[in-house]
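Have a look at the structure below before the remarks.
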Amino acid sequence: MTPTDTALTHHRDQSQHSFTLLPTPTSSPPRAMSPPLKEKKPQPKRSLIELLQRYISELEGRDKSIKIVQYAFKLLIYYQRVDAKRWSGMVSQFSQTRKLLRVGHWLGTVRDMQTTHGLWQWAVLWNTMGNEVADDIYCFYKMGTVDAKLGKRAEKVAIYCWFIGIWIDLHKSCLALQSIRGNDEQTQQKRLIARVSCAKLIMDGIFCSCDIWEPKHSAAIQAWAGFVSGCLSGFKLWRKINASN
Numbered sequence: 000m001t002p003t004d005t006a007l008t009h010h011r012d013q014s015q016h017s018f019t020l021l022p023t024p025t026s027s028p029p030r031a032m033s034p035p036l037k038e039k040k041p042q043p044k045r046s047l048i049e050l051l052q053r054y055i056s057e058l059e060g061r062d063k064s065i066k067i068v069q070y071a072f073k074l075l076i077y078y079q080r081v082d083a084k085r086w087s088g089m090v091s092q093f094s095q096t097r098k099l100l101r102v103g104h105w106l107g108t109v110r111d112m113q114t115t116h117g118l119w120q121w122a123v124l125w126n127t128m129g130n131e132v133a134d135d136i137y138c139f140y141k142m143g144t145v146d147a148k149l150g151k152r153a154e155k156v157a158i159y160c161w162f163i164g165i166w167i168d169l170h171k172s173c174l175a176l177q178s179i180r181g182n183d184e185q186t187q188q189k190r191l192i193a194r195v196s197c198a199k200l201i202m203d204g205i206f207c208s209c210d211i212w213e214p215k216h217s218a219a220i221q222a223w224a225g226f227v228s229g230c231l232s233g234f235k236l237w238r239k240i241n242a243s244n
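The numbering of the sequence shown is numbering that gives the first Met the number 0, which starts it at 0 and goes up by one.
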């Protein structure tokens with residue numbers, strides 16, 4: 000064997016030796032299979048009749064529906080599009096019906112008072128209580144069961160308490176609108192509802208201001224303000240019912 004062959008044989012033995020010294024790789028344990036993601040089934044689209052039925056079944060939905068019709072006819076009467084003698088009675092009855100639907104709302108305010116401890120919250124709730132109780136007394140006066148003197152005083156108390164409550168709610172709604180951040184679809188929907196709430200409260204403030212200061216053409220101003228306010232609050236409730244399961 001030549002020196003060259005000896006060197007090659009020695010190199011081959013070293014290569015095989017080094018090769019055998021390499022550790023045998025162990026197989027990695029199988030990965031745990033993650034459970035398959037469940038696909039959310041799209042909710043069936045509700046029919047218009049179903050949405051209307053759910054809207055009317057809500058107490059607030061009935062109130063807003065009556066309010067829209069009430070002030071729509073007030074506008075028609077003011078602009079002499081319909082016979083005032085024929086439709087004024089219906090408008091008056093709608094107003095009384097809405098008052099009856101709200102009788103007893105002060106019970107919810109009493110319940111809120113039981114869990115409220117801050118001085119400012121108490122002041123706001125007492126204002127709300129004054130508005131609701133005075134509104135009930137005025138409702139009973141219109142039904143003929145309460146003395147006229149008490150009924151007219153209750154009307155004034157209800158107006159001023161409502162006026163204060165409107166501006167408190169408007170301040171809170173404006174702060175809530177300013178705090179909304181983001182541009183995704185859900186945030187845009189929240190921003191839309193917050194803007195609708197602010198616009199509705201502004202309409203209520205205009206309406207109530209006419210009761211306090213009685214400006215010229217207050218009948219037309221209140222009719223428009225009441226109609227727009229009813230449409231905006233009805234829109235909010237409709238979106239809420241449409242989005243609910």
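Here a beta-carbon is modelled for each residue, glycine too, at the ideal position from N, C-alpha and C.
Starting from residue i, follow the alpha helix (DSSP H) in both directions and report where the run begins and ends.
i, result
"residue 134", "118 to 141"
"residue 241", "217 to 242"
"residue 97", "83 to 100"
"residue 195", "184 to 212"
"residue 144", "Counting along the chain, residue 144 falls outside any alpha helix (DSSP H), and DSSP gives it neither H nor E."
"residue 108", "105 to 112"
"residue 181", "Here residue 181 belongs to no alpha helix (DSSP H), and DSSP marks it neither H nor E."
"residue 56", "47 to 56"
What number of angstroms, rounded off, separates the C-alpha of residue i from the C-alpha of residue j?
i, j, result
"residue 94", "residue 69", "7 Å"
"residue 185", "residue 242", "12 Å"
"residue 54", "residue 135", "25 Å"
"residue 178", "residue 143", "47 Å"
"residue 96", "residue 89", "10 Å"
"residue 198", "residue 120", "24 Å"
"residue 224", "residue 118", "33 Å"
"residue 147", "residue 140", "6 Å"
"residue 183", "residue 193", "15 Å"
"residue 123", "residue 78", "39 Å"
"residue 126", "residue 187", "33 Å"
"residue 62", "residue 50", "16 Å"
"residue 107", "residue 71", "30 Å"
"residue 87", "residue 75", "10 Å"
"residue 216", "residue 73", "13 Å"
"residue 133", "residue 114", "23 Å"
"residue 237", "residue 229", "12 Å"
"residue 181", "residue 175", "14 Å"
"residue 168", "residue 195", "13 Å"
"residue 52", "residue 152", "39 Å"
"residue 101", "residue 157", "13 Å"
"residue 190", "residue 165", "20 Å"
"residue 111", "residue 128", "11 Å"
"residue 240", "residue 154", "33 Å"
"residue 171", "residue 105", "21 Å"
Using the Cβ count rule (16 or more neighbours within 10 Å means buried), how would you classify residue i?
i, result
"residue 131", "buried"
"residue 47", "exposed"
"residue 81", "exposed"
"residue 226", "buried"
"residue 109", "exposed"
"residue 91", "exposed"
"residue 218", "exposed"
"residue 150", "buried"
"residue 84", "exposed"
"residue 103", "exposed"
*Does the count of Cβ pairs from the region 152 to 172 and the region 201 to 211 closer than 8 Å reach three?*
yes
*asked:* For the pair the region 209 to 216 and the region 57 to 72, tell me if three or more CB-CB distances fall below 8 Å.
replied: no
_At least 3 beta-carbon pairs within less than 8 Å: the region 65 to 84 vs the region 221 to 233_ = yes
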